[in-house]
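With this note's numbering as the guide, the letters of the sequence shown map in order to residues 17 to 127.
All C-beta atoms, glycine included, are put in the ideal place defined by N, C-alpha and C.
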Amino acid sequence: MRKGRSEVYTRIYEVVKRIPRGRVATYGQVAELAGLGDHARQVGYALHALKDDSVPWHRVVNAQGRISVRHEPGLDRWQRQLLEDEGVAFGGKGRIALERYRWTPESPASE
Numbered sequence: 017m018r019k020g021r022s023e024v025y026t027r028i029y030e031v032v033k034r035i036p037r038g039r040v041a042t043y044g045q046v047a048e049l050a051g052l053g054d055h056a057r058q059v060g061y062a063l064h065a066l067k068d069d070s071v072p073w074h075r076v077v078n079a080q081g082r083i084s085v086r087h088e089p090g091l092d093r094w095q096r097q098l099l100e101d102e103g104v105a106f107g108g109k110g111r112i113a114l115e116r117y118r119w120t121p122e123s124p125a126s127e
């Protein structure tokens, strides 16, 4: 992965913008759809650097269906509230049922 950070982040943001309300995607899923293979951490770095409110960062969760925000106190509660406001339910141990709420695009270029 030798592409410029700006280009990679733009691709990540374009994928995240496609996640519909009430659905989530995992970091790994976003990486795969952005053409980054198994570089899920790049997705986390890109979302942490995000300055644009039009990108629904809150719809990206870890592979266990959990919120995994570590950098800012209270951001995890805010992310959970945003998801709940969209109808995403949390089960035991703060998990989202990925089998119910995971976004599955028809193809990488469609919504």
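When we look at the beta-carbon of residue i and count the other beta-carbons within 10 Å, is it buried (16 or more) or exposed?
i	result
G108	exposed
T42	buried
Q97	exposed
Taking the straight line between their C-alpha atoms, what separation do you get for residue i and residue j?
i	j	result
E102	V40	10 Å
E32	P72	The displayed chain sequence assigns Val, not Glu, to residue 32. Whole-angstrom Cα-Cα distance: 6 Å.
A105	L99	8 Å
Y25	A62	5 Å
P36	R75	8 Å
Y157	G81	This structure gives no information on residue 157, because the portion of the chain shown stretches from 17 to 127.
A65	I83	17 Å
In three-state DSSP terms, what is residue i?
i	result
R37	coil
I112	strand
Checklist entry - Would you say the stretch 53 to 69 touches the stretch 92 to 100, given that touching needs at least three Cβ pairs under 8 Å? => result no
Next on the checklist: Ignoring anything shorter than 3 residues, give me the beta strand (DSSP E) runs that lie fully in the stretch 43 to 115, in order along the chain.
Outcome noted: none
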